[in-house]
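J.: Residue numbers (this note's numbering): 159 to 259. Ideal Cβ positions, reconstructed from N, Cα and C, are used throughout, including at glycine.
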Amino acid sequence: MNAEAELKTWNFQVLMLVQAMLGAVTPNFRMVVLSCEDDVWLIRFYLEENIEDDIDEVEDIICQYTAYQDSNLKCKSEILVGNEDLPSLSEAERVVYRRKE
Numbered sequence: 159m160n161a162e163a164e165l166k167t168w169n170f171q172v173l174m175l176v177q178a179m180l181g182a183v184t185p186n187f188r189m190v191v192l193s194c195e196d197d198v199w200l201i202r203f204y205l206e207e208n209i210e211d212d213i214d215e216v217e218d219i220i221c222q223y224t225a226y227q228d229s230n231l232k233c234k235s236e237i238l239v240g241n242e243d244l245p246s247l248s249e250a251e252r253v254v255y256r257r258k259e
């Protein structure tokens, strides 16, 4: 894939995730990161506390995100809970949301 096509793919995935997150993010959400490895999109949700309603929101976000895609999309998600320092990210990852801390 050439650089322009790769950028368009990334921008589309970021847009679809932002659309899926509209109205779902609560103050408990610290950061949401999108990455891709071996054609699998990984979405990491960093939450401050393990709040059941927010876990349900994450599931809804993933459901909405995948609904915007074609059936060939490979995606998985992770939920990380805690208030330790947020990690430094590689160039292969994009922060889609980060609250002010």
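Starting from LEU205, trace the beta strand (DSSP E) in both directions and tell me its first and last residue.
T.: For the purposes of this step, residue 205 is identified with residue 47 of the sequence shown, where counting begins at 1. Its beta strand (DSSP E) spans residues 198 to 205.
J.: Among GLN177, ILE237, GLN227, which residue has its Cα nearest to the Cα of GLU210?
T.: Taking the sequence shown and counting its residues from 1, one reaches residue 210 at position 52. Checked all of GLN177, ILE237, GLN227; the closest Cα to GLU210 is ILE237.
J.: CB-CB under 7 Å to VAL176, same chain, minus the five flanking residues each way: which ones, in chain order?
T.: For this step, residue 176 is matched to residue 18 along the sequence shown. Hits under 7 Å: VAL254.
J.: What separation, rounded to the nearest whole angstrom, lies between the Cα atoms of ARG252 and TYR226?
T.: For the purposes of this step, residue 252 is taken as residue 94 along the sequence shown, with counting starting at 1. For the purposes of this step, residue 226 is taken as residue 68 along the sequence shown, with counting starting at 1. Straight-line Cα distance between these residues: approximately 19 Å.
J.: Taking only the alpha-carbon atoms, compute the straight-line gap between ASP196 and LYS258 and give it to the nearest angstrom.
T.: Reading the sequence shown from its first residue, position 38 is the one you call residue 196. Reading the sequence shown from its first residue, position 100 is the one you call residue 258. When rounded, the distance between both Cα atoms is 32 Å.
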